[in-house]
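Novice: What follows is a structure written as structure tokens; I'll ask about it next.
Residue numbers (this note's numbering): 2 to 320.
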């Protein structure tokens, strides 16, 4: 997927490789990633400069459903226009049946890679990253799109400029579709298990609140280098998500401690009940920024017995 365009998977490498060729005016330089449905290349264009080109895999080009999903994903990208969302440049067919999607080449690296090397991140950096992701996700929500696959692997981050770009609308959904069209069967879900909202696992109607849950999990990970569930297998993790509360932020790592306001924001975003989360993803991000950047409120002063006695006997006679 686009979120993996810096990585090449060798588990299922396709024989077809357009490296060194030209497709629809794009000079393909090299393959940089591939997934189950598409292969991604770094390319150059006389007008657009460096781009990422996503090409539907050869074995799926006669599959009407796969083609429809590919084109739907491409159309979502054109609808979400925001500085923190990778820009869709062109959707087309290089030749009959050879569908492609061209997007801007985002600077930086996958947030997952950066976080693995540097967590726990500073409060200032976490606040910056989370707020930029929230801005991007809010733009998608405003356009009627639920991302459904928020995770560090779908975020490009440039540490130098501190700039974030959201990738990959491959499994996004229309928030305006009827419940019957969007409901998934219990036991089936879309997304990445480590970051998916519990309601997506139980067949409930997934709303924009699911993206907030995923962003809360990202924030938890950036602050601690750990996740709110620690299942050792997919089955164990699945069961925990459906039946157990998340590990409190202050219990994530023994050597880390956070102000109660920070923990409160994160754990509210991770509420198992979607209605108990914040009203929208921007509110959640703004609350987290305030908790991370503002100094904690001073503890109320407690007067001891001596102080109370001084107050009592030190009053003026006419009081």
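Think of the CB as a built atom: it goes at the ideal place given N, C-alpha and C, for glycine as much as any other residue.
Taking residue 196 as the reference, give the member of 28, 38 and 150 with the closest Cα.
Specialist: Minimum Cα distance to residue 196 is reached at 150.
Novice: From 264, 219, 232 and 252, pick the residue whose C-alpha is nearest to that of residue 117; which is it?
Specialist: Nearest option by C-alpha distance: 219.
Novice: If you draw a straight line from the alpha carbon of residue 71 to that of residue 228, how long is it in whole angstroms?
Specialist: Looking at the two C-alpha atoms, the distance is approximately 31 Å.
Novice: Give the DSSP bridge partners of residue 322, in chain order.
Specialist: The structure shown does not extend to residue 322, since the chain is modelled only from 2 through 320, so no value can be given for it.
Novice: For a test of the three-state rule: what should DSSP assign to residue 210, helix, strand or coil?
Specialist: Residue 210: helix per DSSP, three-state reduction.
Novice: Residue 174 and residue 93 look like a contact to me (Cβ under 8 Å); what is the Cβ gap, rounded to whole Å?
Specialist: About 24 Å separates the two Cβ atoms, so there is no contact after all.
Novice: Tell me, to the nearest whole angstrom, how far the beta carbon of residue 115 is from that of residue 213; I am working on the premise that it is less than 8 Å.
Specialist: Contact doesn't hold; Cβ gap of about 22 Å is too wide.
Novice: In the DSSP assignment, the alpha helix (DSSP H) including residue 157 goes from what residue to what residue?
Specialist: Counting along the chain, residue 157 falls outside any alpha helix (DSSP H), though it belongs to the beta strand (DSSP E) covering 156-159.
Novice: Short of 6 Å in beta carbon distance, which residues of its chain neighbour residue 133, apart from the five on each side in sequence? Order them along the chain.
Specialist: Contacts found: 85 and 165.
Novice: With a Cβ-Cβ cutoff of 8 Å, do residue 75 and residue 142 count as a contact?
Specialist: Their beta carbons are not under 8 Å apart, which means residue 75 does not touch residue 142 by this criterion.
Novice: May I ask you to report which of helix, strand or coil DSSP gives residue 142?
Specialist: The answer is helix: DSSP assigns residue 142 an H, G or I state.
Novice: Between residue 256 and residue 233, what straight-line distance do the alpha-carbon atoms span, to the nearest angstrom?
Specialist: When rounded, the distance between both Cα atoms is 22 Å.
Novice: According to DSSP, which residues form a beta bridge with residue 164?
Specialist: Answer is 159.
Novice: Alpha carbon to alpha carbon, how far is residue 131 from residue 216? Give it in angstroms, no decimals.
Specialist: Computed Cα separation, rounded: 7 Å.
Novice: Which same chain residues end up closer than 7 Å to residue 242 when comparing Cβ atoms and leaving out the 5 residues on each side of it in sequence?
Specialist: Around residue 242: 199, 202 and 230.
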